[in-house]
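S.K.:
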Amino acid sequence: MEIQNNGNGAVLDLVNALNAATAAGTYASVALPNGGTGTDAIRVAMIYKPAKLALVGGAVSDTNAIHNRPPLIQTFSAANGEKFSVVVNHFKSKGSCPTSGNDADQGDGQGCWNALRTEQSQALRTYITSLQASSGDADVIVIGDLNAYGKEDPIIDFTAAGYVNQVDRFNSLGYSYVFDGEAGYLDHALATPSLSAQIAGAKHWRINADEPAIIDYNTEYKQPACATCGPDYYTNTAYRSSDHDPVVIGLNLLKQIGGTAGRDTLTGTAGDDVIAGGIGADTLTGGAGADQFVFTSLRDGVDTITDFQPGIDRIVLTQLLRSVGITSANPIASGYVTCKAVGADAMIGVDPDASGAAVSRNLVLVKNQGCAVATPGNIEF
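So the number in the numbering used here is just where the residue sits in the sequence shown, counting from 1, plus 110.
#1: Going by DSSP, what residue range makes up the alpha helix (DSSP H) through E229?
#2: Figure out for me which residue from T209, P208 and Q184 has the closest Cα to the Cα of V197.
#3: Can the beta-carbon of P420 be found less than 9 Å from the beta-carbon of V483?
#4: Compare the C-alpha of S306 against each of F403, V250 and S240 and name the closest.
#5: To the nearest angstrom, report how far apart S171 and L182 are at their CA atoms.
#6: Please classify E292 as buried or exposed, where buried requires at least 16 neighbouring CB atoms within 10 angstroms.
#7: So, does the segment 254–265 touch the segment 157–169, judging by three or more C-beta pairs under 8 Å?
#8: Taking the DSSP output, what are the residues bridged to R424?
#9: Quick check on D392: does DSSP put it in helix, strand or coil?
#10: Check this for me: beta carbons of H200 and I152, under 9 Å apart or not?
#11: A451 lies in the beta strand (DSSP E); which residues open and close that run?
#12: For T269, report the span of its alpha helix (DSSP H) as first-last.
#13: Do the segment 338–347 and the segment 356–370 make contact, defined as three or more Cβ pairs closer than 8 Å?
#14: Please classify Q276 as buried or exposed, where buried requires at least 16 neighbouring CB atoms within 10 angstroms.
#15: Between which two residues does the beta strand (DSSP E) harbouring D455 extend?
#16: Taking 9 Å as the cut-off, decide whether the C-beta atoms of A225 and D213 are in contact.
#17: I'd like the span of the beta strand (DSSP E) that includes N472, first residue to last.
#18: Buried or exposed, going by whether 16 or more other CB atoms sit within 10 Å of the CB of V252?
#19: What residue from V460, D382, R432 and N178 has the CA that sits closest to K411's CA?
#20: State the DSSP-derived secondary structure class of D413, mapped to helix, strand or coil.
#21: Below 8 Å CB to CB, which residues in the same chain sit around T437 once its five sequence neighbours on both sides are set aside?
#22: Between the alpha carbons of A386 and E229, how many angstroms are there, rounded?
#23: Hey, how far is the Cα of A120 from the Cα of P322?
#24: Who are the Cβ neighbours of N190 in its own chain at under 8 Å, not counting the five residues just before and after it?
#25: If we count the other Cβ atoms within 10 Å of its Cβ and call it buried at 16 or more, is L427 buried or exposed?
#26: Taking only the alpha-carbon atoms, compute the straight-line gap between S187 and I489 and give it to the nearest angstrom.
#27: Should the segment 351–363 be regarded as contacting the segment 114–129, the criterion being three or more beta carbon pairs within less than 8 Å?
#28: Could you tell me the boundaries of the alpha helix (DSSP H) in which L305 lies?
#29: What does the Cβ neighbour count give for R227, buried or exposed, with the cut at 16 atoms within 10 Å?
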């Protein structure tokens, strides 16, 4: 986010208000970075939920002199140990145009300071490469107001280097800003390929760009500051709290835990995991979190799940069922996925021909669960 550059004063005021509206400790701010926040009147900042994420090391900033507002970088860890780094930015604006030189308006539709913004992009990519090496993790997302539209040089510099434009990926028409009746997006989410594979969605939250400026929080050009102007229509809502729409990104940071071709004992983390025992009779324990137990072949059984949590965990059979030609919308109701009680446990099986002559193949024993566990809410097709 962009915020007043007055140390942590402004961001702590926001955090305190959010915690007052929710519960104490719900939100926290990332500390001021090593390297400082620059001398501009505004800076970038981050807030996060400590119950969801932990900080990995301290915040840092890219102090390359090319940046008029230093990018802020923080690495986070989810409960299952999966890490990713967030790089928040505010590149040079298109205003205050020089009259000559590379940063003057070149008449190509990219406005003023395009050369400088492209240099900022290039410098930031170089910094991120060193960040990946020091953090030991390739998962990085670049966010913020880059003051460049989706097809301009600074963004192309990122995508040509392999970054994936998440707004473009998930939206046929992406815009976050309206200027003189023309819409585009200056607010970006550019992910490294490894993190892009873990992003479930991205979209702009439509609270600002479509709203008239007359309802914003500014007081100029409104009564009483301007006696000849119209009334002040501001209300204390999210609408027109800025002139840009924020980007909302969904992450699917599941820990991948895989077995061998033999008998394995696999244990998940305290977070959300994807556990695949593979071939062999494996013992699988998910632990806390919403875990997925994945079976891709009939040769994966017979496994044992020790701690399945109905309504939270899932047994994923999608690839397995497709591999034997089962495309039923509800394979349980159709008889392709079966269940039989084994004492206090449930044996989940797969019957390739449902009511035909073939018998059901045992796949996974779900401990301490009856056959009520065999529902579409617990088994993914």
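Each residue gets a CB set at the ideal place from its N, CA and C atoms; glycine is no exception.
Please read all numbers here as calculations on a predicted model, not as lab measurements.
M.R.: Short version:
#1: Against the sequence shown, residue 229 aligns to sequence position 119. Residues N224 to S245.
#2: Numbered from its first residue, the sequence shown carries residue 197 at position 87. Taking only the C-alpha atoms, the option nearest V197 is Q184.
#3: As a working note, residue 420 is residue 310 in the sequence shown. As a working note, residue 483 is residue 373 in the sequence shown. Closer than 9 Å, so yes.
#4: Here residue 306 is taken as the residue at index 196 of the sequence shown, counted from 1. Of the listed residues, the one whose Cα sits closest to S306 is V250.
#5: Reading the sequence shown from its first residue, position 61 is the one you call residue 171. Reading the sequence shown from its first residue, position 72 is the one you call residue 182. Distance between the alpha carbons of S171 and L182 is about 5 Å.
#6: By one-based count along the sequence shown, residue 292 stands at place 182. The residue is exposed, with fewer than 16 neighbouring Cβ atoms inside 10 Å.
#7: no
#8: Translated into positions along the sequence shown, residue 424 becomes position 314. R424 is bridged to Q402.
#9: Translated into positions along the sequence shown, residue 392 becomes position 282. Looking at D392 - three-state DSSP - the assignment turns out to be coil, as it is neither helix nor strand.
#10: Translated into the one-based positions of the sequence shown, residue 200 becomes position 90. Translated into the one-based positions of the sequence shown, residue 152 becomes position 42. Taking 9 Å as the Cβ cut-off, H200 and I152 qualify as a contacting pair.
#11: By 1-based counting over the sequence shown, the position of residue 451 is 341. A451 -> beta strand (DSSP E) spans V447 to V452.
#12: Stepping through the sequence shown from its first residue, residue 269 is reached at position 159. Taken as a continuous stretch (DSSP letters only), the alpha helix (DSSP H) holding T269 covers D263 to A270.
#13: no
#14: Looking up residue 276 in the sequence shown gives position 166. It is buried - the Cβ of Q276 has at least 16 other Cβ atoms within 10 Å.
#15: The count along the sequence shown starts at 1 and reaches residue 455 at position 345. Its beta strand (DSSP E) spans residues D455 to V460.
#16: In the sequence shown, residue 225 corresponds to position 115, counting from 1. In the sequence shown, residue 213 corresponds to position 103, counting from 1. Yes; because the gap between Cβ atoms is below 9 Å, this pair is in contact.
#17: Taking the sequence shown and counting its residues from 1, one reaches residue 472 at position 362. Start and end: R471 to V476.
#18: As a working note, residue 252 is residue 142 in the sequence shown. By the neighbour-count rule (16 or more Cβ atoms within 10 Å), V252 is buried.
#19: Against the sequence shown, residue 411 aligns to sequence position 301. It should be noted that the sequence gives Gly, not Lys, for residue 411. Selected option, being the one with the closest Cα: V460.
#20: Numbered from 1 along the sequence shown, position 303 holds the residue referred to as residue 413. Three-state DSSP puts D413 in a strand.
#21: If you number the sequence shown from 1, residue 437 lands on position 327. Within the same chain, T437 has close Cβ partners L431.
#22: Residue numbering aside, residue 386 sits at position 276 when the sequence shown is read from its first letter. Residue numbering aside, residue 229 sits at position 119 when the sequence shown is read from its first letter. A386 and E229: Cα-Cα distance of roughly 44 Å.
#23: Taking the sequence shown and counting its residues from 1, one reaches residue 120 at position 10. Taking the sequence shown and counting its residues from 1, one reaches residue 322 at position 212. C-alpha separation (whole angstroms): 26 Å.
#24: Along the sequence shown, read from residue 1 onward, the residue named residue 190 stands at position 80. Hits under 8 Å: L363, L364, K365, G378, T379, A380, G381, D382, D383 and G399.
#25: Residue mapping note: residue 427 aligns to position 317 of the sequence shown, counting from 1. Classification for L427: buried.
#26: Here residue 187 refers to the residue found at position 77 of the sequence shown. Here residue 489 refers to the residue found at position 379 of the sequence shown. Cα-Cα distance, rounded: 29 Å.
#27: no
#28: To locate residue 305, count along the sequence shown from 1; it is residue 195. Residues P303 to S306.
#29: Here residue 227 is taken as the residue at index 117 of the sequence shown, counted from 1. Per the 10 Å Cβ criterion, buried.
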